[in-house]
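Numbering (our numbering), first residue to last: 26 to 334. Written below as structure tokens is the structure these notes are about.
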């Protein structure tokens, strides 16, 4: 008697998940930050936009003025000059701070001797306010009692604030001295996130440190560079306290940037409608430049390696 064995059906074992499932946080967690942004960013921007079409001295009731403030800005040569100065100082700030921040950030991400101590000293300007930094450099560069007065062989008559070129140079230098450490910190974190296997493979292929920097480090820092440059652009266009303390827009109006001119129109001339129009122009320019940087660089199409986790 022969019996035929029934075929065994293979049973699949359930897959065990060693880690807990990652769940994205709900919208409720974003409510506090969203309310904060709406109250302190969106609402003031709307009020400024409305006020730019009004005439208001800060005391009496606002009066609708139509496009009078905007027509006045178009024919205001100081306003046109302030826009060019704002763009010039912003571009110079980006050109000076970007290479310094990258080099110092990559260096600070290494394991050199005394690196931690030197980095801590270098990041001290981040602990100071822009006002304190401006007062410090105003005293150091004073034409009568500061460093230029003691080194006239280098600074000429010592009055760095008496000429437009030197005054702009001082503004760019002071801004770089204070804010380069901030961008260095950004590049330091990004440089430490670069996989070391890339450098190991490059060493096997015989690439030196210079080639590794140009062909590995810089391409890996591309996203960080774009973010840093956008922050520099926004910060440069909204610079105010440094100009207020160091040059006060002088000599004449040679360093009167748009943010300082907005302050003059609103709080010195009591023309809050005209000042609001200048503020709105700055917002529009900063937004357009940021969008151009994002579009040209392709930043909007980039995706992180942890996307979807």
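Heads up, the beta-carbon is just placed ideally off N, CA and C, and yes, glycines get one too.
Quiz item: Based on Cα-Cα distance, which residue from 116, 278 and 279 lies nearest to residue 201?
Solution: If you number the chain shown from 1, residue 201 lands on position 176. Answer by Cα proximity: 116.
Quiz prompt | For residue 334, the three-state DSSP class (helix, strand or coil) | solution = The residue labelled residue 334 in the question sits at position 309 within the chain shown. Any reading at residue 334 must be qualified, since the residue scores a pLDDT of 40, below 50, and its modelled position is unreliable; the value itself is stated next. The answer is coil: DSSP assigns residue 334 none of H, G, I, E or B.
Self-check item: Bounding residues of the alpha helix (DSSP H) (the contiguous stretch that carries residue 295)
Solution: Residue mapping note: residue 295 aligns to position 270 of the chain shown, counting from 1. Unbroken run through residue 295: none, as it is neither H nor E.
Quiz item: Among 220, 216 and 300, which one has its Cα closest to the Cα of residue 126?
Solution: In the chain shown, counting from the first residue as 1, residue 126 sits at position 101. Measuring from the Cα of residue 126, the nearest candidate turns out to be 216.
Quiz item: If you check the beta carbons only, do residue 285 and residue 306 fall under 8 Å apart?
Solution: Along the chain shown, one-based indexing puts residue 285 at 260. Along the chain shown, one-based indexing puts residue 306 at 281. No, the Cβ-Cβ distance between residue 285 and residue 306 is not below 8 Å.
Self-check item: Below-8 Å beta-carbon distance, residue 203 vs any chain B residue
Solution: No chain B appears in the structure shown, which is made up of a single protein chain.
Quiz item: According to the neighbour-count rule (16 or more other Cβ atoms, all chains shown, within 10 Å of its Cβ), is residue 64 buried or exposed?
Solution: Residue 64 sits at position 39 when you count from the first residue of the chain shown. Exposed, since its Cβ has fewer than 16 Cβ neighbours within 10 Å.
Practice problem: Would you identify the three-state DSSP class for residue 80, choosing helix, strand or coil? | Solution: For the purposes of this step, residue 80 is taken as the residue at position 55 of the chain shown. Reduced to three states, the DSSP call for residue 80 is strand.
Quiz item: Does the Cβ-Cβ distance between residue 288 and residue 206 come in under 8 Å?
Solution: Counted from its first residue, the chain shown places residue 288 at position 263. Counted from its first residue, the chain shown places residue 206 at position 181. No, they are not a contact pair.
Practice problem: Give me whichever residues DSSP pairs with residue 247 in a beta bridge. | Solution: Position 222 of the chain shown holds residue 247. Its beta-bridge partners do not exist; DSSP assigns none.
Quiz item: Whose CA, out of 149, 189 and 195, lies closest to the CA of residue 165?
Solution: The sequence position of residue 165 within the chain shown is 140, counting from 1. Per the Cα distances, 195.
Self-check item: C-beta atoms of residue 193 and residue 314 nearer than 8 Å
Solution: Walking along the chain shown from the start, residue 193 turns up at place 168. Walking along the chain shown from the start, residue 314 turns up at place 289. In this structure, residue 314 does not lie closer than 8 Å to residue 193 by Cβ.
Quiz item: Which term fits residue 333, buried or exposed, when burial requires 16 or more other beta carbons within 10 angstroms of its beta carbon?
Solution: The sequence position of residue 333 within the chain shown is 308, counting from 1. Residue placement at residue 333 is poorly supported in this model, since its pLDDT is 41, which falls under 50; the coordinates are not used for a value here.
Quiz prompt | Buried/exposed call for residue 321, threshold 16 Cβ in 10 Å | solution = The residue given as residue 321 occupies position 296 in the chain shown. By the neighbour-count rule (16 or more Cβ atoms within 10 Å), residue 321 is not buried but exposed.
Quiz item: Going straight from the alpha carbon of residue 316 to that of residue 242, what length do you get?
Solution: Residue numbering aside, residue 316 sits at position 291 when the chain shown is read from its first letter. Residue numbering aside, residue 242 sits at position 217 when the chain shown is read from its first letter. One C-alpha to the other measures close to 25 Å.
Quiz item: Hey, which unbroken runs of the alpha helix (DSSP H) at 4 residues or more fall wholly within the segment 92–166?
Solution: 93–99, 102–133, 140–147 and 155–165
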